[in-house]
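Asker:
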Amino acid sequence: MKRRPVLTASTMIASVVLLAGCGVGQSPQTYQYKAQSNATNANAGLLMALRNVHLTAVNQGQSYAKGEDATVAMVLVNSSTTEDVLQSASSPAASSVELQGADGAFVLPGGQSVQDYSLKLVGLTEELFPASFVELTMVFKNAGSVTLSVPVRTSYEQPEKVPYDVGEVGSDGEPLEKVSGQSPEGSDLTEYTAN
């Protein structure tokens, strides 16, 4: 009879030792999986959404060479009722980052989305391959700063610009309503305003 408790105790100890080794080599507490993606999404604060952020592809299967410039395209959704401004952007992958907005400004009206602004990564510090990621930090006047990993698109075909369903609400809790118009450059622009 005494053998059974000893056998049960030794089985339990062996199970604990074996199960403790399941995460060896992967640092499960810090392991971060990055799925292959052609774009990323992020939020700056509670009311600024960055959607479909990506570096445009050069040509199918080609990379950006060190020293070249690259364009970051995105949709910015300001769910606040007040205007916000993208004040600056930076990336360790480039010597500098230029804001490509109307008149050099990145003004984001309250309750609207803008998809015709872009950033230019000037003087890449290393070669960038399709499906690789670039760290990018954006600083907004009201929403604060956000740092995200931006993928280099794997396909030259850019997604068709479609009305962006923000699926979010304004600061008053009401859904945003779609309004279409044109940007200062004359291109189509879809915006969302609070009802």
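The working numbering puts the sequence shown at residues 1397 to 1591. Idealized CB from N, CA, C, for every residue including glycine. Model, not experiment: these values are computed from the prediction.
1. Looking at the strands, I want to know which residues DSSP matches up with Ser1528.
2. Would you kindly work out how many angstroms separate the C-alpha atoms of Gln1511 and Leu1495, rounded to a whole number?
3. Would the beta-carbon of Ala1440 fall within 8 Å of that of Thr1452?
4. On the DSSP letters alone, give me the boundaries of the beta strand (DSSP E) that Arg1549 sits inside.
5. Which one of Arg1447, Phe1536, Leu1544, Ser1486 has the shortest CA to CA distance from Thr1478?
6. Determine the extent of the beta strand (DSSP E) in which Ala1490 is found, giving its start and end residues.
7. Using only alpha-carbon positions, find the residue among Val1548, Glu1464, Ser1541 that is nearest to Leu1443.
8. Give a yes or no on whether the C-beta atoms belonging to Leu1524 and Ala1466 are separated by under 8 Å.
9. State the Cα-Cα distance for the pair Leu1446 and Pro1547, rounded to the nearest angstrom.
10. Quick check on Gln1508: buried or exposed, where buried means 16 or more other Cβ atoms within 10 Å of its Cβ?
11. With the cut-off set at 8 Å, would you say Asp1480 and Leu1515 are in Cβ contact?
12. Using CA coordinates, which residue listed in Thr1436, Gly1506, Val1471, Leu1517 is at the minimum distance from Ser1491?
13. Suppose contacts are defined by Cβ-Cβ distances below 8 Å. Is Thr1521 in contact with Asn1434 by that definition?
14. Work out the CA separation of Asn1538 and Asn1474 for me, nearest whole Å.
15. Closest to Gly1463 by CA distance: which of Ala1501, Met1534, Ala1489 is it?
16. For Phe1536, which three-state DSSP category applies?
Answerer: So, from the data block:
1. Its beta-bridge partners do not exist; DSSP assigns none.
2. 13 Å
3. No; because the gap between Cβ atoms is not below 8 Å, this pair is not in contact.
4. Counting along the chain, no beta strand (DSSP E) covers Arg1549, and no H or E run does either.
5. Phe1536
6. Ala1490 -> beta strand (DSSP E) spans 1490-1496.
7. Ser1541
8. Yes; because the gap between Cβ atoms is below 8 Å, this pair is in contact.
9. 14 Å
10. buried
11. no
12. Leu1517
13. The answer is no: Cβ separation not under 8 Å.
14. 10 Å
15. Ala1489
16. strand
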